[in-house]
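Below is one structure; the comments refer to it alone.
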Amino acid sequence: MKKILFTLFIIYGFGLNAQNGQTTDYDWKKMDPKQRKEVINNLSPEERKELLKKFRNNMVLENLDIDPSDKTEFTQLYNEYLDNQKQIKSQFNSNFNPETLSDEEAKAKLQQSFEVGQKLLDNRKKYADKMQQVIPCQKVLKLFQTEGMMRDKMNERRPHSGYNNMARPKQNP
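Following full-length UniProt numbering from start to finish, the sequence shown increments by one per residue and tops out at 173.
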């Protein structure tokens, strides 16, 4: 999943002007795919993560056409939002076989999924309000639509084998 997400963001990033603020001085647009892959493979995991984050941010900034004076504040809020979403999602381990759970375990897991889902929604509302202080609500809505489309695309490309992918909804709790 992470490799697919990484690849998707890299592809999107190549179409954008992703040079601003890069920790590396590569001209991604002029590289052929083999060269890009080689450079990415030679990066440390931390550098890859940072590169992915920059490509994602550039893609969002470009897609939403954020005013240059608001880019820093919006990027900080957006990264904060994503970090909080990730932290909330980490509270739910979805790698289990529901058929092996007892009734009590299944009820507890179901309740936990509702609680995590509510926390995700609450966090989304909180950051939607914060983001509207920086960008118009139309752009916040567009951001969330884009996130949903990217999540759906990622789920389409996900392999369909094993318990983790069987009859799993397209969105995490």
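For glycine and all other residues, C-beta sits at the position ideal for the given N, C-alpha and C.
Simplified DSSP assignment, three categories, for residue i
i	result
D67	coil
F92	coil
D27	coil
Q118	helix
Q132	coil
L51	helix
Q22	Here Q22 scores only 42 on pLDDT, less than 50, and its place in the model is too uncertain to base an answer on.
N97	coil
S113	helix
D32	coil
L43	coil
F144	helix
S102	coil
Nearest to residue i (by Cα), restricted to the options the options
i	options	result
K29	K49, F55, E50 and S44	F55
S94	E105, Q138, S113 and E156	S113
Q91	M150, G148, E115 and E156	E115
K119	Y81, Q133 and M149	Y81
Presumed contact (8 angstroms Cβ cut-off) between residue i and residue j, rounded CB distance
i	j	result
I135	D83	Contact flag wrong, Cβ pair sits at about 19 angstroms.
Y26	L77	Not quite, the Cβ-Cβ distance comes to about 28 angstroms (not below 8 angstroms), so this is no contact.
L43	L52	10 angstroms between Cβ atoms; not a contact.
V140	M131	5 angstroms
K109	L121	Contact doesn't hold; Cβ gap of about 19 angstroms is too wide.
L143	L61	At roughly 10 angstroms, the Cβ-Cβ gap does not stay under 8 angstroms, so L143 and L61 are not in contact.
N123	Q85	6 angstroms
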